[in-house]
Each structure stands twice: as C-alpha cells, then as structure tokens.
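Undergrad: Pasting a structure here, questions to come.
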Amino acid sequence: MFARLVGESFVRNPRRKLLAASALMVGMAVATAALTVALDVGDRLSREFRSLGANLLVTPQSDTLPLQIGGVDYRPVNEGAYLSEADLGKLKTIFWRHNILGFTPFLPVPAYVPETGGATTVIGTWYEHAVPMPDGTFFRTGAKTTHSWWNVRGRWFQDGANECVVGARLAARYSKEIAAGKTIHLEAREGSKESVPLVVTGIVTTGDAEDNAILVPLGVAQELSGHPGQIRQVLVSALTKPADALADRDPVTLTPKEYDQWFCAPYISSISFQIRQVVPGVDVRAIRRVADSEGRILSRVSALLWVVTIAALVAAGLAVAATSAATILDRQREIGVMKAIGATNAIVAGIFLAEQLMLALIGGAVGFVLGAALAWTLGESVFGTPARPHFVLLPVALGLAIIVAVAGSLIPLRRASHFEPALILKGE
Amino acid sequence: MFGRLLWRLLWGNRGRLAVALVSVASGAAVISALLNLDFDLERKLTHEFSVLGPNLVISQKAGAQVQNAGATSPSLMDQAVVESAIAETRAQQRIDAAPYLYIVARVAGRPVVVAGTNLDTAGELNPTWKRDVGPPMIDERVLLPGVSSSLVGRNVARQLKLVPGSSFQLQYLDRKATLGVAGILDSGGAEDNQILVDLRIAQQLAGTQGQIEAEQLRVPGNARAIAEYAARLAAALPGYDVRPIRQVTEAEGNLLNRTRLLIVSMVLLILVLTALCVLATMAALAMERRMDVGLMKALGGSISRIVGLFLAEVSVLGATGALVGCLGGMALAHWLGQRVFGTPITARWEILPLTLALMTGVGLAGALPLRLLGRVKPAVILRGD
C-alpha cells in the first residue's frame, strides 16, 4: 500500500518532479565537478610548475668550486670533477622513477671561435636524447623537457650531428658571421690545428647566460674538451610533494616507521636521497628558487580551490534544499487531503521522504555524470588534459543529494504536521 | 495604503519570509565572498609569485659577457644612469632592484666568483635565500669592526673553511680587500658558489667605480604589467638591453592564467547555482500568492496591484538579504584571505551594489510566474489546480 502510494505520487505531476530532479541534478553536477577538479588540482598544478624547469641539481661530490655566473660554469676543462654520462640512466631506476619527468646534462667548455674572434663558452647538452635504460628501453629527455622556456628561431640541433644553436645575444653581436645555415668552427684553444665545423641551425633565446653561448650536442662538447663520456652537472625535473614537517628532517634521526613514510613520499629531499643512493659520488641539491616557491604557491592555490569547492557544495546544498522545500509547500493541499482521510503525520512524512529519496537518487546519479563531464571539459580547457572521473565521488554525490533533499523537506513537513487539514483545504 | 498593505504582508508572513531571507542572505554571502576573492585573486597570486625572485634584468646591449677564469672582460653600464631610470619609471609600483658586478677574484690562491651587489636588496629580491643566521641579511653580532662584510655561498664556505665571524682576503690582480663573513648563504642556486660583497668593494677591486654589469629587478603584476614596465624602462634606457627572465615570467604567466581560469569558471558555476536557488525560493513565494491573484481577477480587480505588492515584497526581501549576506560574505572573504594567503582580502565596496542588483533582479524574475497567472481563468486558479 505504502509503495503504491509513493509510486502514484511519484508519477503524478511529472513537471513538478522534473523541476525538483533538475535542481538536484544541477546542484550535484556542480558539486561533483568541483570535487573532481579539487582532487586532481595538486597533481596538475605541480606538473604545470615543471614549466619552471628543473628543481634538482646533480654535481660531482668532490668538485672544486664552480666559477658559475648565471648558470654557466666558466672553469677550464682540466679543473674540477666530472660525472659519467653512462650513469644517467640510473636516475630512472629510483623508487620514485615515474616522478622523474626529465633530466638534462650540461658540459660547458671554454672554446675559441674564429667567427666571434675570441673566447666563447660552448655548452654541450641534449635537446631530445634517447637515454638507454638499464631494462633495455629508451627514455627521451633533454632541454625540451627541463627547459621548456628556451625558445629557438630555426630548429634545434640533431643529437650526434655536427650542428649547433647560438645564443641570441651572441648571434646579434656577430650577425654577419653567425646566422642560421652558416658554418662556424670551434677550436679547443686559439691557434689549435683541429677545429670542429658546426652548422648553425637556430638562434636560441633563454633569457639567461646561455644567450651568450653556443649550445652544441653533448658529444661535440665532450670531444672538444677531451672528456669523452663525461659531464659537469645534471639538472633534474621531478614531480614533488610540497615539503612538510617530515620532509625537512634529517633521515638519520627518523624512526624506522617515519623513515619508510619519508622514503615513500615524493618529497624533494627523499628524491635527492634516492638519487644519491643509485649514483654514487654525487651531490644532489634542491634548486630552492624553484622548489621552495613551488611548494608555497601550490599549497596556497590548493587551499584556495578547496575554499571554492566548499562554496560550491554549500551553494548546491542551498539550491536543492530550497527547491525541495518549495515542492512540499506547493503540495500542502495534498497533505491536507491525506490528513483529512486519516493519514498520520508519520505516513505523510514517510510518503514525501520516500519520494524525495527516489528523486535524490535519480538526480544525484545524473548529476554525477553531468559533473564528471563538466570536470572533463574544465580540465581540458584549463590544463589541456581532461580530468578523469573519480568513481569514488558517486556515493558522495548520492549521499549528499539524499542529505540535502531530506533536510530541505524536513522543515516544511514539520510545519505541515501542525496544520489543521480543514484550514489547508479551505486554502488559508 | 500600499505601504500599510506591504507592512501587513511582510509581518504577517514573517515565519515563511524568514526562511526565504536566510536563503537569499546565504546566497548573497557566498556570491559576495567569492566575487571579493576573485577580484583580489590576481593581486594575491602575483604577490605569491614574488618568491620566484627577479623577473627582469638590465644589461649592456652589445655586451660581450665572456669570462675566463681569472679574467673578466665584461661590458659595463653606468650604475647612476640605470638607477635613475628605474627611479623615474617606477611610478607607484614597488620595484625591488639589485645591481650586480661579477669578478673572478682569488681567495688563498683559489679562484672564486665574487658578486658585488647591494646585500640587503639582493636578499629582498630573493626570498628563498636562506642564511645560517636569520634575517636581516647582515648579522650585526658577527660583524667585525672596521672590516666590510660579505655573504659567503655555502659551497665556497665549505671549500675555503669559512665560518661566520671569520675574515678572509680577496685578491684581484694586484688589488686586495679584507672582508668579514657576516653569514653563510644557502641559495640553492649559482650564489652557493659565489661570495657576495658590497658593490663598492667589487668596483674598487675591479677598478670600475660607478659601473655595474647587470641590474636585476622584480616587477609586480601579471605578464602584461611586466612587459609594459620593461618597454617603459627600455625607452628610458636606450642602448641597454632590458629583458625578462623567461624562466620566471613564462611559468608565472602560465600558472596565473590557469589558476585564474579555474577559479573564475568555478565561481561562475556557483554564481549560477546560487541565483537558481534564490529564484526557486522567490518562485515558491510567488506561487503562494496565486490565490490572491485568482481572487482579484474574480472580483474584477487589477492584478497589477497584487503583482506590485509582491514585487515590493520581493525587493525588500532581496535587498535586505543581499545587504546582510554581502556584509557576511565580506567578513568571510576577509577571514578566508587570512587563512589562505596570510593577509586579509580587502573588502571591495563595488561588490555591494553588484550583489544587491543581482539578488533583487533574480527575486523579481521569480515574480514572473505570478504575472503569467494573470492570463489564466480565475476559476481554475481558485480551484487550486
């Protein structure tokens, strides 16, 4: 009997039901979309932060003091220690290997370039290099990944070819001698017999010291410096978690449980620790300008987004509660009739709540689908990759829909229970 | 008469109206808090980005900055010209700037990059620099009387075994200077391998008084503001090269755009949702008046009287709700700003009329069904279908 009553009442006046259900739907769609975006945003923004470039610097441990101005090392080639290029593949074998998005080795070499009539810094690096991994696969990485703001007019050099790109300021100064398509010659020192001819393929703007240098494939620089298979430093771009109290502690002082927790979190400190473990004899330092600001901005932005998400939930709740209340107020006469023919307050409330429950389930489910679609488009338009739906949010959306729909009905139902049926039926 | 009717209407329905008022006020609170947050977002975020350090650098245009160990051949700029140009173009903006002059000097026979700069402004420009001694940049306690102070990079200190409070001698060609270590600098960058000294000492050593090699600046604002300032500065400094540090400006622009877009689109969604909620409340109120409309029509009276009364009622409700909600929302935004950014968000008063107009507008739109009822036969309305 009760089921039939609810069923009857549910199919009657579909327009009104549609209104209530669509309010639930819209509310839950916005709530789902907001939650989906908020769950993903930390990950997405930290990927976005990788456009700031590398956040870890790997150098030889027993090195002399680099003569470094603005990122370029001006030491003579026979001074200081080197890293082995062959060790680089090991970077992708650490525990957090999937968080290593890229790395680029650098080998600066002071050279003599007759075209510029003087000493010029030549930097050997990778643009897009296939690094052999220990498991036999290849990992493509280089300045393209770690220095995405480097802008080249023309094209980048081919790995292993006798080509180079020239820094914009250097090229501007010697615009007659250096231009895309022309050939320049590198000599280890002035007057040396051997010279390496390189075709200029592009002019690069980096906004830093490299604008005054010549960028060449790593092999060319190694040959020029007489240090085959060696590099000065490696810049690593890793996805990290913002530092918290645990991240900054010395791993030696941690208890075994804390150590596991620290080791298994992608903190910048634990990733550098793991790199030191797999590549012996290196010093790994966080590039703090990047790493610190990333952590700080990231935590602020996610806090901001959670605020907006909570606002979305509140707004969704308000909207649903308001419509639920309105539908019940709308049906006071019906309640009056029910009570007049002997229905108790409990039965009336039961019928209405059961109806709201069904509406909430339907509206919540449809709203979840709509919200997932909304988050998908939002992710696509803001970050370029769609936000995947989180199915864990389906019960959340349904539960939320039920709570707000029932809560919205309770106040008007309570009021309805105080009404005299005769008064309502009379229309007062 | 109209006023008395309105008052009776409002007071007589005070229970029901209170519910509607709460709904309108909470809607207005959410809207005004979010709008306030949104208006202030760009300023707050660009302020956050100042931790990224300098974003503009001035250097000599045709400058050949080719250095070898032990010798520098930089092309220098006149410090006074650059600084006066910055002072002229800065207008109301707060622009941090630090001059730099690099030399490769020797300490105990080993070559070290020495950066001459203004230690205090360089520290302000790079908020992520850490010192083993807390701020300020120069620790007064370890200053040696009569000796100029310096900040020694972390790696330099380790290799040369320098500790705060000790002193060392810098040698450049045949010129010498004795410096005290005021602090060890941990920058996580190139400065870890440098010694930072006062600009005048570096100029004295290099014999290039009044000249600098580069000037680093931090310009607040978004990419457009930075580009505009760079253009203004370039116009004031012909022959010099004013270029953005692309690593910083690109990432900044990127992040700012994406974050703004994300927040703005979510705020828009919430705005629509809240407006719908208020609309539903108002429409429900309107539907309660349908009996009056039916009665008026049956009596042959004008329904515009009823609609007018209702509109007045809705306006009062909307305005009161918006006012209360808006004030609450501003307090909420103030608190949120404190929680999220550490500094409160300043209340924007233009949000008050905006919220008021929006709430009243939506309320009036809720009265639309009443107007439409005027076309229906009175008997149908009175029967209650």
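Each protein sequence line maps, in turn, to chains R and D.
Just so you know, my numbering puts 400 at position 400 of the first sequence, and the rest follows in order with no gaps.
One gets my numbering by counting positions in the second sequence from 1 and adding 428 to each.
We treat Cβ as the ideally placed atom computed from N, Cα and C, and that holds for glycine.
Since this is a predicted model, take the numbers as computed values, not measurements.
1) Does chain R have any CB closer than 7 Å to the CB of ARG674 (chain D)?
2) Helix, strand or coil, according to DSSP, for LYS558 (chain D) in the structure here?
3) How big is the Cα-Cα spacing for TRP763 (chain D) and LEU796 (chain D)?
4) Going along the chain, which residues of its own chain have a beta-carbon closer than 7 Å to the beta-carbon of ALA316 (chain R), five neighbours each way excluded?
5) Here's the rule: buried if 16 or more other CB atoms are within 10 angstroms of the residue's CB, otherwise exposed. What is THR253 (chain R)?
6) Please list, in chain order, the chain D residues whose beta carbon lies closer than 8 Å to that of THR146 (chain R).
7) Give me whichever residues DSSP pairs with VAL404 (chain D) in a beta bridge.
8) What is the DSSP secondary structure of ILE438 (chain R), reduced to helix, strand or coil?
9) Please classify GLU678 (chain D): is it buried, with 16 or more other beta-carbons within 10 angstroms of its beta-carbon, or exposed?
10) If you follow the beta strand (DSSP E) that HIS185 (chain R) is in, where does it begin and where does it stop?
11) In chain order, what residues of the same chain lie with their CB nearer than 6 Å to the CB of ASP669 (chain D), ignoring the 5 residues before and after it?
12) Please classify ARG414 (chain R) as buried or exposed, where buried requires at least 16 other C-beta atoms within 10 Å of its C-beta.
13) Taking beta-carbon pairs under 8 Å, can you tell me which members of the stretch 37-48 of chain R lie near chain D?
14) What is the DSSP secondary structure of ARG532 (chain D), counted as helix, strand or coil?
15) For the beta strand (DSSP E) holding GLY154 (chain R), just list the boundary residues, first then last.
16) Over what stretch of residues does the alpha helix (DSSP H) that includes TYR657 (chain D) continue unbroken?
17) Please state whether the Cβ-Cβ distance between PHE596 (chain D) and VAL532 (chain D) is less than 7 Å.
18) Taking the CB atoms as reference points, tell me whether LEU48 (chain R) and LEU683 (chain D) lie closer together than 7 Å.
19) Going straight from the alpha carbon of TYR600 (chain D) to that of LEU624 (chain D), what length do you get?
20) Going by other Cβ atoms of all chains shown within 10 Å of its Cβ, with 16 needed for buried, is GLU641 (chain D) buried or exposed?
21) Applying the 10 Å Cβ sphere with the 16-neighbour rule, what's the burial state of GLN644 (chain D)?
22) LEU65 (chain R) CB to nearest chain D CB: under 7 Å?
23) Can you give me the Cβ contacts of LEU313 (chain R) inside the same chain, cut-off strictly under 6 Å, excluding the 5 residues immediately before and after it?
24) For PRO266 (chain R), which residues in the same chain have their Cβ closer than 7 Å to its Cβ, ignoring the five residues on either side in sequence?
25) Applying a beta-carbon distance threshold of less than 7 Å, which residues of chain D neighbour PHE476 (chain R)?
26) Of all Cβ atoms in chain D, is any one closer than 7 Å to the Cβ of LEU5 (chain R)?
27) Classify PRO412 (chain R): buried if its beta carbon has 16 or more other beta carbons within 10 angstroms, exposed otherwise.
28) So LEU699 (chain D) is in the alpha helix (DSSP H); what residue range does that whole segment cover?
29) Compile a chain-ordered list of the residues in the stretch 291-312 of chain R whose CB is closer than 8 Å to at least one CB of chain D.
30) The beta strand (DSSP E) that contains LYS604 (chain D), what's its start and end?
31) Please confirm whether GLY581 (chain D) and GLU552 (chain D) have their CB atoms less than 7 Å apart.
32) Does DSSP put GLY794 (chain D) in a helix, in a strand, or in coil?
33) Beta-carbon of LEU480 (chain D) versus every beta-carbon of chain R: anything under 7 Å?
34) Which residues mark the beginning and the end of the beta strand (DSSP E) in which HIS418 (chain R) is found?
35) State the start and end residues of the unbroken alpha helix (DSSP H) segment that holds TYR82 (chain R).
36) Taking only beta-carbon atoms, is GLY207 (chain R) less than 7 Å away from chain D?
TA: For this structure:
1) Taking the second sequence and counting its residues from 1, the one referred to as residue 674 (chain D) is at position 246. Cβ-Cβ to chain R under 7 Å: yes for ARG674 (chain D).
2) Locating residue 558 (chain D) in the second sequence gives position 130, counting from the first residue. LYS558 (chain D) falls in the strand class under three-state DSSP.
3) Start at 1 with the first residue of the second sequence, and residue 763 (chain D) comes out as number 335. Start at 1 with the first residue of the second sequence, and residue 796 (chain D) comes out as number 368. Rounded to the nearest angstrom, the two C-alpha atoms are 38 Å apart.
4) Translated into the one-based positions of the first sequence, residue 316 (chain R) becomes position 316. Within the same chain, Cβ atoms closer than 7 Å to the Cβ of ALA316 (chain R) are found at GLY27, MET28, VAL30, ALA31, the five residues on either side in sequence being excluded.
5) As a first step, residue 253 (chain R) must be located in the first sequence, where it is residue number 253. Classification for THR253 (chain R): exposed.
6) The residue you call residue 146 (chain R) lines up with position 146 of the first sequence. In chain order: nothing, as chain D lies at least about 11 Å away.
7) Nothing can be reported for residue 404 (chain D): it is not among the residues displayed for chain D, which extend from 429 to 813.
8) Since the displayed chain R opens at 1 and closes at 428, residue 438 (chain R) lies outside it and no answer follows.
9) Numbered from its first residue, the second sequence carries residue 678 (chain D) at position 250. The residue in question, GLU678 (chain D), is buried, as its Cβ has 16 or more Cβ neighbours within 10 Å.
10) In the first sequence, counting from the first residue as 1, residue 185 (chain R) sits at position 185. Run containing HIS185 (chain R): 183-186, per the beta strand (DSSP E) assignment.
11) Here residue 669 (chain D) refers to the residue found at position 241 when the second sequence is read from its first residue. Same-chain partners within the cutoff: SER487, LYS489.
12) The residue given as residue 414 (chain R) occupies position 414 in the first sequence. It is exposed - the Cβ of ARG414 (chain R) has fewer than 16 other Cβ atoms within 10 Å.
13) VAL37, VAL41, LEU45, GLU48
14) Position 104 of the second sequence, counting from 1, holds the residue named residue 532 (chain D). A small fix is needed here, since residue 532 (chain D) is Val in this sequence, not Arg. Strand at VAL532 (chain D).
15) What you label residue 154 (chain R) is simply residue 154 of the first sequence in a count that begins at 1. In the DSSP assignment, GLY154 (chain R) falls within the beta strand (DSSP E) that extends over 151-154.
16) Within the second sequence, residue 657 (chain D) is the residue found at index 229, counting from 1. Its alpha helix (DSSP H) spans residues 651-664.
17) Residue 596 (chain D) sits at position 168 when you count from the first residue of the second sequence. Residue 532 (chain D) sits at position 104 when you count from the first residue of the second sequence. Not closer than 7 Å, so no.
18) The sequence position of residue 48 (chain R) within the first sequence is 48, counting from 1. The sequence position of residue 683 (chain D) within the second sequence is 255, counting from 1. First, the amino acid is wrong: residue 48 (chain R) is Glu here, not Leu. Their beta carbons are under 7 Å apart, which means GLU48 (chain R) touches LEU683 (chain D) by this criterion.
19) Reading the second sequence from its first residue, position 172 is the one you call residue 600 (chain D). Reading the second sequence from its first residue, position 196 is the one you call residue 624 (chain D). Using only the alpha carbons, I get a separation of about 15 Å.
20) Mapped onto the second sequence, residue 641 (chain D) falls at position 213. When all chains shown are included, GLU641 (chain D) counts as buried.
21) The sequence position of residue 644 (chain D) within the second sequence is 216, counting from 1. Its Cβ being crowded by 16 or more others within 10 Å, GLN644 (chain D) is buried.
22) Position 65 of the first sequence, counted from the first residue, corresponds to residue 65 (chain R). Under the Cβ criterion of 7 Å, LEU65 (chain R) is counted among the residues facing chain D.
23) Working through the first sequence from its first residue, we reach residue 313 (chain R) at position 313. Counting only Cβ-Cβ distances below 6 Å, and skipping sequence neighbours, we find ALA31.
24) Residue numbering aside, residue 266 (chain R) sits at position 266 when the first sequence is read from its first letter. Taken in chain order, the residues that qualify are TRP96, ASN99, LEU239, THR240, LYS241.
25) Any question about residue 476 (chain R) goes unanswered here, given that chain R covers just 1 to 428.
26) The count along the first sequence starts at 1 and reaches residue 5 (chain R) at position 5. Chain D, which has no Cβ nearer than 7 Å to the Cβ of LEU5 (chain R), makes this no.
27) For the purposes of this step, residue 412 (chain R) is identified with residue 412 of the first sequence, where counting begins at 1. It is buried - the Cβ of PRO412 (chain R) has at least 16 other Cβ atoms within 10 Å.
28) Walking along the second sequence from the start, residue 699 (chain D) turns up at place 271. Looking at the DSSP string, the run of the alpha helix (DSSP H) that includes LEU699 (chain D) is 674-716.
29) Cβ contacts with chain D: ALA291, ASP292, SER293, ARG296, ILE297, ARG300, VAL301, ALA303, LEU304, LEU305, VAL307, VAL308, THR309, ALA311, ALA312.
30) Here residue 604 (chain D) is taken as the residue at index 176 of the second sequence, counted from 1. 603-614 is the extent of the beta strand (DSSP E) around LYS604 (chain D).
31) Locating residue 581 (chain D) in the second sequence gives position 153, counting from the first residue. Locating residue 552 (chain D) in the second sequence gives position 124, counting from the first residue. Cβ distance not < 7 Å, so GLY581 (chain D) and GLU552 (chain D) don't count as in contact.
32) Walking along the second sequence from the start, residue 794 (chain D) turns up at place 366. Note: GLY794 (chain D) maps to helix in three-state DSSP.
33) Looking up residue 480 (chain D) in the second sequence gives position 52. At least one chain R Cβ lies under 7 Å of LEU480 (chain D).
34) For the purposes of this step, residue 418 (chain R) is taken as the residue at position 418 of the first sequence. First-last for HIS418 (chain R): 393-418, but that is the alpha helix (DSSP H), not the beta strand (DSSP E).
35) Walking along the first sequence from the start, residue 82 (chain R) turns up at place 82. DSSP places TYR82 (chain R) outside any alpha helix (DSSP H), giving it a letter other than H or E.
36) Locating residue 207 (chain R) in the first sequence gives position 207, where the first residue counts as 1. Yes, its Cβ sits closer than 7 Å to a Cβ of chain D.
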